[in-house]
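Read through the structure below, which is laid out as structure tokens, and then see the notes.
Number of protein chains: 2
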Amino acid sequence: MNRIIDDPDDVVEDALVGIRAAHPDLLVGTDHPRVMRAAGPGNAGRVGIVTGGGSGHEPAFVGYVGPGLLDAVAIGEVFASPTARAFEAAFKAADGGRGVACLYGNYAGDNMNVKMAVKLAARDGLTVKTVVANDDAASAPSHDRGRRRGVAGEILMWKTAAALAAEGADLDAVIAMAQKTIDATRSVGIGLSACTIPAAGKPNFSIADGTMEVGIGHHGEPGIAVRPIEPARAMASTMMDTVLADLPFGRGDDVAVLVSGLGATPVMELYILYRHVAEILAGAGIRVRHRFVGNYFTSLEMMGASVTLTRLDGELDRLLALPARSIGLTVMGDA
Amino acid sequence: MNRIIDDPDDVVEDALVGIRAAHPDLLVGTDHPRVMRAAGPGNAGRVGIVTGGGSGHEPAFVGYVGPGLLDAVAIGEVFASPTARAFEAAFKAADGGRGVACLYGNYAGDNMNVKMAVKLAARDGLTVKTVVANDDAASAPSHDRGRRRGVAGEILMWKTAAALAAEGADLDAVIAMAQKTIDATRSVGIGLSACTIPAAGKPNFSIADGTMEVGIGHHGEPGIAVRPIEPARAMASTMMDTVLADLPFGRGDDVAVLVSGLGATPVMELYILYRHVAEILAGAGIRVRHRFVGNYFTSLEMMGASVTLTRLDGELDRLLALPARSIGLTVMGDA
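Each protein sequence line maps, in turn, to chains U and G.
Numbering-wise, the working numbering comes out as the position in the first sequence, counting from 1, plus 6.
Numbering-wise, the working numbering comes out as the position in the second sequence, counting from 1, plus 6.
Next up, the structure:
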């Protein structure tokens, strides 16, 4: 395992020390060692936006804290949910007096800990409402969306909800916006290699050389098919077939597209994939309004990529364009 | 080779199609298929800033085209110099009537092709002056800087020179600023795994599992030592020993720090490395004014990282802080 780590059991703590040192303008620590909040004046009078999740997906989750995006984040061990106490502390860190929206991904541990944290916060008079992202179209059939995992589409949900909160919307409106965004969002991933959690020392799943796993999850969860590696054009077709049919997206739609590397895929290859995604969308009469290509939501050093599409109405389109600044996503606005 | 490509011989062209599709606000094509220039109003009345280099280092080089950064870029095949004609076309694309600064890295092919392109441009009355980056402290002894390679430090040279050009400085002043920046910059890399050029299909060098190559180049050029993998803290010490002693940097210095992944190293590990770099600098009485941590200058799917330090005076410090926008680097400014 050729990695840049010290004690494999301490990678999260060690990385957080580095993140705090590197981005004092964006992030500050809190009383809880696994919670960070946005630097700056805080969000008094605004709805707070919180997420949380396991480490190893950087820049998700901590890398989306900043102006116009998340107010606080709860940080888990590698590929593991933050604790209920961490979520609770994140809620308090994000509390600006108008309630907190916790927008997170659909995983058993996160569901359990968020639920507990919401109760803990309620005892202290803090109202927290939640939206559970389930954009991974390959993780369960469409009639069973409640079982689907949340993946890179979470980023778009954070963006629209946070932009609305910044405009002074109340908690119910912010929650409705996050729900609307994720309901209009579908993702799918392809894995080309496994990854290794440092504390485990070896992969807990495998992808044979020369094969790819269509529909793989962000922690190596099994996909819907293992196939011989295809050219990028065919990979894009497979991914877009899954995503487009699911919502479904159709002619005349406006969309945002996010192509994210899973960690080790060269950036030039993400653009090769995007080329085909864009061509398929053009051929289907779907107009791309926002494009994001890069390592936005990773799985340690896994090779592969995910494609996320969000169908936009005028309001989603507008909110995505508003300024935001964070490690993972900076939007300059139209200024 | 588990990669997201179509024909391995076409990866550069295919990626450029994707880049153009993804970033119409930042980049546009030119008459030359391997030259892209900044979108927008052009740079009439300003010195043009150009670089060029092989592909496979994304976001370098094309990802640094944009406002406050490069005006045009010449793009080579994977790990190969752009042609002289491509450099010449990039000079013309960046010509705003006040001459062009070509700021590139010290490699035999690039040196030859830039030299030829400068002559070709001169025949058409276009003045191009050059600065050759040689920040890789491990690539030759300090008394022989002329043989050293240019690596991630180029990004800081582009930033300061472009910021000065944007203020209306003349060509000689822009060239002097680029030279001053690279003269104050030192880098070193550590490689933890090899990488594979798609058209070759297998690595052209190897790093045995459990070992690391200190001083590795961006194309797998041999380093100064192959050692068993060390903890991140020791890796940072080794790298900083090389860099700090070389300029040398010393107590009371202000610096910019750039920690770049080489492609496949998880982002959390870059922050673990940065933690130690920051601690070593603090211990040495060196103040960090600008920090960059991420995949800024990569080598396909190589594992490993580079550390770059630039010693700042007030002017370098000021120019690094001015706004810029590109795929690889966005600086919001102090607004």
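Every residue gets a Cβ at the ideal spot worked out from N, C-alpha and C, and that includes glycine.
*Does the Cβ-Cβ distance between Gly197 of chain U and Met274 of chain U come in under 7 Å?*
The residue labelled residue 197 of chain U in the question sits at position 191 within the first sequence. The residue labelled residue 274 of chain U in the question sits at position 268 within the first sequence. In this structure, Met274 of chain U does not lie closer than 7 Å to Gly197 of chain U by Cβ.
*Can you list the residues of chain G that Met42 of chain U reaches, using a CB-CB cut of under 8 Å?*
Taking the first residue of the first sequence as position 1, residue 42 of chain U is located at position 36. Here the premise fails: no neighbours, minimum Cβ distance about 12 Å.
*asked:* Which of the three DSSP states is assigned to Val261 of chain G in this structure?
replied: One-based indexing of the second sequence puts residue 261 of chain G at position 255. Note: Val261 of chain G maps to strand in three-state DSSP.
*Tell me, to the nearest whole angstrom, how far the beta carbon of Val106 of chain U is from that of Val56 of chain U; I am working on the premise that it is less than 8 Å.*
Here residue 106 of chain U refers to the residue found at position 100 when the first sequence is read from its first residue. Here residue 56 of chain U refers to the residue found at position 50 when the first sequence is read from its first residue. Right, their Cβ atoms sit about 6 Å apart.
*Look at the Cβ atom of Arg239 of chain G, then the Cβ atom of Ala28 of chain U, and state whether they are nearer than 7 Å.*
The count along the second sequence starts at 1 and reaches residue 239 of chain G at position 233. The count along the first sequence starts at 1 and reaches residue 28 of chain U at position 22. The answer is no: Cβ separation not under 7 Å.
*Going along chain G in order, which residues have a C-beta closer than 7 Å to the C-beta of Thr314 of chain U?*
Mapped onto the first sequence, residue 314 of chain U falls at position 308. Simply none; closest approach about 14 Å.
*Since Lys121 of chain U is in the alpha helix (DSSP H), which residue starts that stretch and which ends it?*
Numbered from 1 along the first sequence, position 115 holds the residue referred to as residue 121 of chain U. Ala114 to Arg129 is the span of the alpha helix (DSSP H), which, as asked, contains Lys121 of chain U.
*Where Leu326 of chain G sits in the DSSP three-state scheme*: As a working note, residue 326 of chain G is residue 320 in the second sequence. In the structure shown, Leu326 of chain G sits in a helix (DSSP, three-state: H, G or I).
*Roughly how many angstroms lie between the CA atoms of Thr316 of chain U and Pro254 of chain U, to the nearest whole one?*
Taking the first sequence and counting its residues from 1, one reaches residue 316 of chain U at position 310. Taking the first sequence and counting its residues from 1, one reaches residue 254 of chain U at position 248. Cα to Cα, the separation comes out at about 11 Å.
*Glu160 of chain G to Gly221 of chain G, Cα distance in whole Å?*
Residue mapping note: residue 160 of chain G aligns to position 154 of the second sequence, counting from 1. Residue mapping note: residue 221 of chain G aligns to position 215 of the second sequence, counting from 1. If I take the Cα positions, the gap works out to 17 Å.
*asked:* Let me see if you follow: with CB-CB separation under 7 Å, is Asp31 of chain G close to chain U or not?
replied: Within the second sequence, numbered from 1, the residue matching residue 31 of chain G stands at position 25. With 7 Å as the cut-off, Asp31 of chain G does not count as an interface residue toward chain U.
*Name, going along the chain, the residues of the segment 7-20 of chain U whose beta-carbon falls closer than 7 Å to a beta-carbon of chain G.*
Asn8, Arg9, Ile10, Ile11, Asp12, Val17 and Asp20
*Out of G:Asp247, G:Leu170 and G:Gly111, point me to the one whose CA is closest to Ala86 of chain G's CA.*
Residue mapping note: residue 86 of chain G aligns to position 80 of the second sequence, counting from 1. Nearest C-alpha to Ala86 of chain G: G:Gly111.
*In its own chain, which residues sit with a C-beta less than 6 Å from the C-beta of Ala330 of chain G, not counting the 5 before and 5 after it?*
Counted from its first residue, the second sequence places residue 330 of chain G at position 324. Excluding sequence neighbours, Ala330 of chain G sits near Gly74, Leu75 and Val337.
_is_contact[Leu318 of chain G, chain U] using C-beta, thresh 7 Å_ = If you number the second sequence from 1, residue 318 of chain G lands on position 312. No - not a single Cβ of chain U is within 7 Å of the one on Leu318 of chain G.
*Any residues in the segment 255-279 of chain U with a beta carbon nearer than 7 Å to a beta carbon of chain G? Which ones, in chain order?*
Gly269, Ala270, Thr271, Pro272, Val273, Met274, Glu275, Tyr277, Ile278 and Leu279
*Output yes if chain G places a C-beta closer than 7 Å to the C-beta of Ile25 of chain U; else output no.*
Here residue 25 of chain U corresponds to residue number 19 of the first sequence, with the count starting at 1. Closer than 7 Å to some Cβ of chain G, the Cβ of Ile25 of chain U qualifies, so yes.
*Out of U:Ile278, U:Gly195, U:Ala175 and U:Lys208, point me to the one whose CA is closest to Asp247 of chain U's CA.*
By 1-based counting over the first sequence, the position of residue 247 of chain U is 241. When each option's Cα is compared against that of Asp247 of chain U, the closest is U:Gly195.
_C-alpha gap between Glu64 of chain G and Gly267 of chain U, whole angstroms_ = Position 58 of the second sequence holds residue 64 of chain G. Position 261 of the first sequence holds residue 267 of chain U. Distance between the alpha carbons of Glu64 of chain G and Gly267 of chain U is about 13 Å.
_Determine, for Ala144 of chain U, whether the minimum Cβ-Cβ distance to residues of chain G falls below 7 Å._
Taking the first residue of the first sequence as 1, we reach residue 144 of chain U at position 138. Judged by the 7 Å Cβ criterion, Ala144 of chain U is not in contact with chain G.
_Need the endpoints of the beta strand (DSSP E) that Ala107 of chain G sits in, please._
Translated into the one-based positions of the second sequence, residue 107 of chain G becomes position 101. Val106 to Gly111 is the extent of the beta strand (DSSP E) around Ala107 of chain G.
*asked:* Please report the distance separating the alpha-carbon of Ala206 of chain G from that of Asp150 of chain U.
replied: As a working note, residue 206 of chain G is residue 200 in the second sequence. As a working note, residue 150 of chain U is residue 144 in the first sequence. Spanning the two alpha carbons is a distance of roughly 45 Å.
*Looking at the C-beta of Ala238 of chain U, does it have a partner C-beta in chain G at a distance below 7 Å?*
Counting from one through the first sequence, the residue named residue 238 of chain U turns up at place 232. Answer yes: the Cβ-Cβ gap between Ala238 of chain U and chain G drops below 7 Å somewhere.
*Which residues, in chain order, does the segment 188-201 of chain G contribute to contact with chain U at a C-beta distance below 7 Å?*
Leu198 and Ser199
*Which of helix, strand or coil DSSP assigns to Glu275 of chain G*: As a working mapping, residue 275 of chain G is identified with position 269 in the second sequence. Here Glu275 of chain G sits in helix by DSSP.
*Compute the distance between the beta-carbons of Arg192 of chain U and Asp252 of chain U, then report whether it is under 7 Å.*
Position 186 of the first sequence, counted from the first residue, corresponds to residue 192 of chain U. Position 246 of the first sequence, counted from the first residue, corresponds to residue 252 of chain U. In contact: Arg192 of chain U and Asp252 of chain U (Cβ atoms closer than 7 Å).
*Arg281 of chain G touches chain U at which residues, Cβ-Cβ below 7 Å?*
As a first step, residue 281 of chain G is located in the second sequence; it is residue number 275 there, counting from the start. What Arg281 of chain G touches in chain U: Asp20, Val23, Gly24 and Ala27.
*Tell me whether Gly281 of chain G is buried or exposed, calling it buried when 16 or more other Cβ atoms sit within 10 Å of its Cβ.*
Position 275 of the second sequence holds residue 281 of chain G. The residue you asked about is not Gly; residue 281 of chain G is Arg in the sequence shown. So Arg281 of chain G ends up on the buried side.
*Cβ of Ala95 of chain U within 7 Å of any chain G Cβ*: The residue labelled residue 95 of chain U in the question sits at position 89 within the first sequence. No, its Cβ sits nowhere closer than 7 Å to a Cβ of chain G.
*How is Glu227 of chain G classed by DSSP in three states: helix, strand or coil?*
In the second sequence, the residue the question calls residue 227 of chain G occupies position 221. Correct three-state label for Glu227 of chain G: coil.
*Which residues of chain U have a Cβ atom closer than 9 Å to the Cβ of Asn301 of chain G, listed in chain order?*
The residue given as residue 301 of chain G occupies position 295 in the second sequence. Those within 9 Å of Asn301 of chain G in chain U are Val273, Gly300 and Asn301.
_If the criterion is Cβ atoms closer than 7 Å, does the pair Ala45 of chain G and Leu32 of chain G meet it?_
Along the second sequence, read from residue 1 onward, the residue named residue 45 of chain G stands at position 39. Along the second sequence, read from residue 1 onward, the residue named residue 32 of chain G stands at position 26. For Ala45 of chain G and Leu32 of chain G, yes; Cβs fall inside 7 Å.
*Where the alpha helix (DSSP H) through Ala80 of chain U begins and ends*: Position 74 of the first sequence, counting from 1, holds the residue named residue 80 of chain U. Note, Ala80 of chain U: premise wrong, no alpha helix (DSSP H); beta strand (DSSP E) at Ala78 to Val84.
*So, does the CB of Arg91 of chain G fall closer than 7 Å to a CB anywhere in chain U?*
On the second sequence, position 85 is the one that residue 91 of chain G refers to. It does not: the Cβ of Arg91 of chain G has no partner Cβ on chain U nearer than 7 Å.
*In chain G, which residues lie with their C-beta within 8 Å of the C-beta of Pro65 of chain U?*
Here residue 65 of chain U refers to the residue found at position 59 when the first sequence is read from its first residue. Within 8 Å Cβ-Cβ: Val273.
*Please report the residue range of the beta strand (DSSP E) in which Met241 of chain G lies.*
On the second sequence, position 235 is the one that residue 241 of chain G refers to. From DSSP, Met241 of chain G is part of no beta strand (DSSP E) but of the alpha helix (DSSP H) over Ala238 to Asp252.
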